[in-house]
Amino acid sequence: MLLLLSACNKAAEQPKDEAVNNEEQQENDKDKVEQPVLNEDVAETLSVHYIDVGQGDATLVEFEGFLMLIDAGHWKSTQVVDYLKQQGIKEIDIVVGTHPDADHIGQLAQVIGEFEVGEVWMSGNTSSSNTFTNALQAIEASDTAYDEPKTGDIFDVGSLQIEVLHPKELTGAANEESISLRITYGDVDFVFTGDAGITEEQQMIDSGIELNAEILRLGHHGSNTSTSAAFLKAVNPDVAIYSAGADNSYGHPHAEVIAAVENAGAEVYGTDVNGTIVVETDGKSYRVKTQKKGVPTEGENRCIDLNIASSAELQEISGIGDAYAKAIIEQRPFESVEELIDIKGIGQGTLEVIQEQGLACIGG
1 MLLLLSACNK AAEQPKDEAV NNEEQQENDK DKVEQPVLNE DVAETLSVHY IDVGQGDATL
61 VEFEGFLMLI DAGHWKSTQV VDYLKQQGIK EIDIVVGTHP DADHIGQLAQ VIGEFEVGEV
121 WMSGNTSSSN TFTNALQAIE ASDTAYDEPK TGDIFDVGSL QIEVLHPKEL TGAANEESIS
181 LRITYGDVDF VFTGDAGITE EQQMIDSGIE LNAEILRLGH HGSNTSTSAA FLKAVNPDVA
241 IYSAGADNSY GHPHAEVIAA VENAGAEVYG TDVNGTIVVE TDGKSYRVKT QKKGVPTEGE
301 NRCIDLNIAS SAELQEISGI GDAYAKAIIE QRPFESVEEL IDIKGIGQGT LEVIQEQGLA
361 CIGG
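Listed below in structure tokens is the structure:
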């Protein structure tokens, strides 16, 4: 049994699970400034699985029988549950919903229903979406503990440390206040920021908390709303990984982000071209394994996300003026573009014009 300890003096016994490695993954060994090779003499290995869930996010952290799932993919798919079952997993110690977007907590209810979950972490921000409601109902119907970690909280799992980088407090900005984490095992660190933006990245820098990490999960699927030059300098990653769907309508990852990361000297991997990506480390060195070979490139498409766009951006959509833009902002979040028809004044004809233009989208 493992004991999870936090800086808040919370403790919970955690079950030990046996995980099975994905045999289909290919190992990528690239020479890059003393490219590390896993030390096979060390028994305990931390494995971080960046699961290919299309246009969504899900990462499995596996260490000495301790299992942590960071986000649960898109609500329209089952890849997260399927992958966990393929790994032979039956119990998960902690499931983190970084924020209530349906492409991050999409399968949270199913995960709680299919597996024995010890604890759920969420930011504390809410959503009116069915996905969020279903997740809360699943938590309430189970024996799962619930927590809302904040900046500075530290949780130790044996020699593994999990530190909360963000948020410090809540204002209701769901994406911006994504739970952000730094996971440390020996000399190797991983940083996750959900969909936190550039302003929030600066808050993490200003907090004085150590951000340097070998592996960085690019914020917001590689969008230019995240990964500022200052944050990239503070983290100084050797490897950057983003999660995005192939040929997604959001243009993820954005060209300027990929260019900035590569110019900083980091190797870039993406689930859209590499499939599921697994990083294994013994705490001294690490290796990156991918399901498929491929070179990440910027997305070609761009769209306007109804759930986060400004009023000015929304008015770029055909048929949307100032009044409709304000109504969209007041009534969001939406789970589909089709839900725009619920806004007073937007009829089927206007909706068809919006759909034909193809600029409006949800998520990302």
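Numbering (this note's numbering), first residue to last: 1 to 364.
Idealized CB from N, CA, C, for every residue including glycine.
Residues near residue i in its chain [Cβ-Cβ closer than 6 Å; skip 5 each side]
{"i": "residue 198", "result": "228"}
{"i": "residue 21", "result": "Below a pLDDT of 50, predicted positions are generally treated as unreliable, and residue 21, at 38, falls in that range; the measurement from the model is reported next regardless. Cβ within range, chain order: n/a, list empty."}
{"i": "residue 145", "result": "119"}
{"i": "residue 34", "result": "A caution first: residue 34 carries a pLDDT of 36, below 50, which makes its placement in the model unreliable, though a value can still be read off. Nothing listed; no residue qualifies."}
{"i": "residue 41", "result": "Low per-residue confidence applies at residue 41: pLDDT is 49, beneath 50, and the placement is therefore not dependable, though the value from the model is reported in the following sentence. Here the set comprises nothing."}
{"i": "residue 234", "result": "205, 211"}
{"i": "residue 327", "result": "343"}
Bounding residues of the alpha helix (DSSP H) (the contiguous stretch that carries residue i)
{"i": "residue 348", "result": "348-357"}
{"i": "residue 84", "result": "79-86"}
Sequence-distant residues of its chain with Cβ nearer than 7 Å to residue i (five each side left out)
{"i": "residue 151", "result": "164, 165, 166, 167, 168, 207"}
{"i": "residue 188", "result": "214, 281, 283, 286"}
{"i": "residue 128", "result": "333"}
{"i": "residue 37", "result": "With a pLDDT of 43 at residue 37, under the threshold of 50, the modelled position of that residue is not reliable, and the figure given next carries that caveat. Taken in chain order, the residues that qualify are 285, 287."}
{"i": "residue 113", "result": "138"}
{"i": "residue 310", "result": "none"}
{"i": "residue 236", "result": "212"}
Whole-number beta carbon distance between residue j and residue i, since they are thought to touch under 8 Å
{"i": "residue 103", "j": "residue 68", "result": "That belief does not hold up - the Cβ atoms of residue 103 and residue 68 are roughly 19 Å apart, past 8 Å."}
{"i": "residue 336", "j": "residue 362", "result": "6 Å"}
{"i": "residue 345", "j": "residue 324", "result": "7 Å"}
{"i": "residue 195", "j": "residue 219", "result": "6 Å"}
{"i": "residue 106", "j": "residue 131", "result": "6 Å"}
{"i": "residue 50", "j": "residue 271", "result": "6 Å"}
{"i": "residue 329", "j": "residue 340", "result": "Contact doesn't hold; Cβ gap of about 12 Å is too wide."}
{"i": "residue 193", "j": "residue 161", "result": "Contact flag wrong, Cβ pair sits at about 17 Å."}
{"i": "residue 190", "j": "residue 48", "result": "6 Å"}
{"i": "residue 72", "j": "residue 95", "result": "7 Å"}
{"i": "residue 338", "j": "residue 351", "result": "7 Å"}
{"i": "residue 232", "j": "residue 261", "result": "7 Å"}
Assigned exposure category for residue i - 16 Cβ within 10 Å defines buried
{"i": "residue 134", "result": "buried"}
{"i": "residue 172", "result": "exposed"}
{"i": "residue 259", "result": "exposed"}
{"i": "residue 320", "result": "buried"}
{"i": "residue 159", "result": "exposed"}
{"i": "residue 88", "result": "exposed"}
{"i": "residue 263", "result": "exposed"}
{"i": "residue 247", "result": "exposed"}
{"i": "residue 86", "result": "exposed"}
{"i": "residue 111", "result": "buried"}
{"i": "residue 391", "result": "One cannot answer for residue 391 here, as it falls past the ends of the chain, which runs 1 to 364."}
Own chain residues within Cβ distance below 8 Å of residue i, not counting five before or after
{"i": "residue 39", "result": "For residue 39, the predicted model reports a pLDDT of 46, less than 50, meaning its position is unreliable and no value from the coordinates is stated."}
{"i": "residue 123", "result": "97, 98, 99, 100, 148, 167, 170, 174, 177, 178, 179"}
{"i": "residue 186", "result": "159, 281, 282, 283, 284"}
{"i": "residue 224", "result": "254, 256, 257"}
{"i": "residue 137", "result": "109"}
{"i": "residue 77", "result": "53, 54, 56, 106, 107"}
{"i": "residue 230", "result": "201, 202, 205"}
{"i": "residue 331", "result": "342, 343"}
{"i": "residue 74", "result": "53, 54, 55, 56, 102, 103, 106, 107, 363"}
N-terminal and C-terminal residue of the beta strand (DSSP E) that residue i is part of
{"i": "residue 93", "result": "91-97"}
{"i": "residue 47", "result": "46-50"}
{"i": "residue 62", "result": "59-63"}
{"i": "residue 70", "result": "66-70"}
{"i": "residue 247", "result": "Careful: residue 247 lies outside any beta strand (DSSP E) and carries neither H nor E."}
{"i": "residue 189", "result": "188-192"}
Residue i Cβ short of 7 Å to the ligand FMN heavy atom set
{"i": "residue 48", "result": "What this structure holds is no ligand at all, so the ligand FMN is not there to describe."}
Q. Can you give, in chain order, each stretch of the alpha helix (DSSP H) that sits fully within the region 105-181 and has at least 4 residues?
A. 108-114, 130-141
Q. Can you list the beta strand (DSSP E) stretches of 3 or more residues lying completely in the region 200-243, in chain order?
A. 215-217, 239-242
Q | Those runs of the alpha helix (DSSP H) which lie wholly inside the region 261-332 and span at least 4 residues | A | For the region 261-332, whole alpha helix (DSSP H) runs of length 4 or above, ordered along the chain, are 271-274, 311-314, 322-331.
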